[in-house]
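Chemist: Numbering (the UniProt record's numbering), first residue to last: 1 to 314.
Please see the structure below; I have some questions.
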């Protein structure tokens, strides 16, 4: 199983959304309070990207991709110094308003924008440790599958064709996966440590796949080490150095992430959820879940159902 795709599917909630935005100078937007992951692709003109506090400004050109995954906020504008209007997207079904274009004016910038809602009750470290904003220059994705996904998504948004309601969310998931893949590949090529290196390390990535493929197995550090051909001590040290936590701590985290998804997306009884994530009793599972997420499994499920009900009535 692919680890990046696995993590995304376990954290994503709801249906991702996308739109094409035509922006007329002067324009400036500060994105705050974002509960999910957002992206922007420059299709025409230029834009300026800055972090939540205005630092590290970067000029964006046609084909550049911006990906923000951890909700820290960021700003986009037609040029450096343009006043910014706050955009607070607290619900992925909301879209930020665009002012009416001046008569006869041509847009200064055209972008493709989108958003995924992510469950942040206990974010996966692969996502949590990403920088606030990832900038993938057009030259870095030329010839990459990410460029093909961007082009396909743009075509779907430009034409209201049969099946668009199914095509756009699927392409958005592909865009998210390929954006992360492109960034992790670049980081690994530059000798970065952490998750970028973990995903490219044969032993650590193999151990992660074992835990992701069969989370209910009675894994021990010794058994995982044997599976990847390292001594127990060498494996434990290498895993913790790259992933940021010991193997069994990560296993518990992953089990709770999967349990949260099962509670949100199915009506399985708690005992069945417990079995699927490696717990022999509902009591042991509930205790571990409460310790990890600060609420009982039942409360987690009810809270999600209440959010869905509010969304249907709003």
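Glycine included, every Cβ here is placed at the ideal spot set by N, Cα and C.
These figures come from a predicted structure and were not determined experimentally.
Would you mind stating whether residue 12 and residue 183 have Cβ atoms separated by less than 7 Å?
Modeler: No, the pair does not count as a contact, with Cβ atoms beyond the cut-off.
Chemist: Looking at C-beta atoms only, is the number of pairs between the stretch 251 to 258 and the stretch 212 to 225 that lie closer than 8 Å three or more?
Modeler: The stretch 251 to 258 vs the stretch 212 to 225: in contact.
Chemist: Classify residue 187: buried if its beta carbon has 16 or more other beta carbons within 10 angstroms, exposed otherwise.
Modeler: With 16 or more other Cβ atoms within 10 Å, it is buried.
Chemist: Which one or two residues does DSSP pair with residue 135 in a beta bridge?
Modeler: Paired residues: 66.
Chemist: Drop a sphere of 10 angstroms on the beta-carbon of residue 59, count the other beta-carbons inside from all chains shown, and report buried for 16 or more, exposed for fewer.
Modeler: Under this definition residue 59 is an exposed residue.
Chemist: Which residues in the same chain as residue 258 place their Cβ atom closer than 7 Å to its Cβ, once the five residues preceding and following it in sequence are excluded?
Modeler: Excluding residues within five positions, the ones whose Cβ falls inside 7 Å are 10, 215 and 277.
Chemist: Can you name the start and end residues of the beta strand (DSSP E) that residue 37 belongs to?
Modeler: Run containing residue 37: 36 to 45, per the beta strand (DSSP E) assignment.
Chemist: Just to confirm my understanding: we take residue 3, look at its own chain, exclude 5 residues before and 5 after, and list those with CB closer than 8 Å. What are they?
Modeler: Result list for residue 3: 126, 199, 205, 208, 209 and 212, in chain order.
Chemist: Just the Cα atoms here: how many angstroms apart are residue 92 and residue 15?
Modeler: Note on residue 92: pLDDT 46, under 50, position unreliable in the model; no value is reported.
Chemist: To which residues does DSSP link residue 188 through a beta bridge?
Modeler: According to DSSP, residue 188 bridges with nothing at all.
Chemist: For the stretch 14 to 29 against the stretch 133 to 143, are there 3 or more C-beta pairs whose distance is under 8 Å?
Modeler: Contact fails: fewer than three Cβ-Cβ distances are below 8 Å.
Chemist: Runs of 3 residues minimum, wholly inside the stretch 229 to 267: which ones carry the beta strand (DSSP E) assignment?
Modeler: Qualifying beta strand (DSSP E) stretches: none in this window.
Chemist: How is the alpha helix (DSSP H) around residue 150 delimited, first residue to last?
Modeler: Per DSSP, residue 150 belongs to the alpha helix (DSSP H) from 145 to 158.
Chemist: Whole angstroms are fine: how far does the CA of residue 109 sit from the CA of residue 67?
Modeler: Residue 67 and residue 109: Cα-Cα distance of roughly 18 Å.
Chemist: Is residue 29 helix, strand or coil when you go by DSSP?
Modeler: Strand.
Chemist: Residue 76 and residue 129 look like a contact to me (Cβ under 8 Å); what is the Cβ gap, rounded to whole Å?
Modeler: Incorrect: roughly 24 Å between the Cβ atoms, too far for contact.
Chemist: Which term fits residue 178, buried or exposed, when burial requires 16 or more other beta carbons within 10 angstroms of its beta carbon?
Modeler: It is buried - the Cβ of residue 178 has at least 16 other Cβ atoms within 10 Å.
Chemist: Specify the secondary structure class of residue 161 as computed by DSSP and reduced to three states.
Modeler: Reduced to three states, the DSSP call for residue 161 is coil.
Chemist: What residue from 180, 32 and 65 has the CA that sits closest to residue 8's CA?
Modeler: When each option's Cα is compared against that of residue 8, the closest is 180.
Chemist: Would you check if the distance between the CB atom of residue 265 and the CB atom of residue 274 is smaller than 7 Å?
Modeler: No, Cβ-Cβ distance for residue 265 and residue 274 is not below 7 Å.
Chemist: Got a sec, what are the start and stop residues for the alpha helix (DSSP H) residue 273 sits in?
Modeler: Its alpha helix (DSSP H) spans residues 270 to 276.
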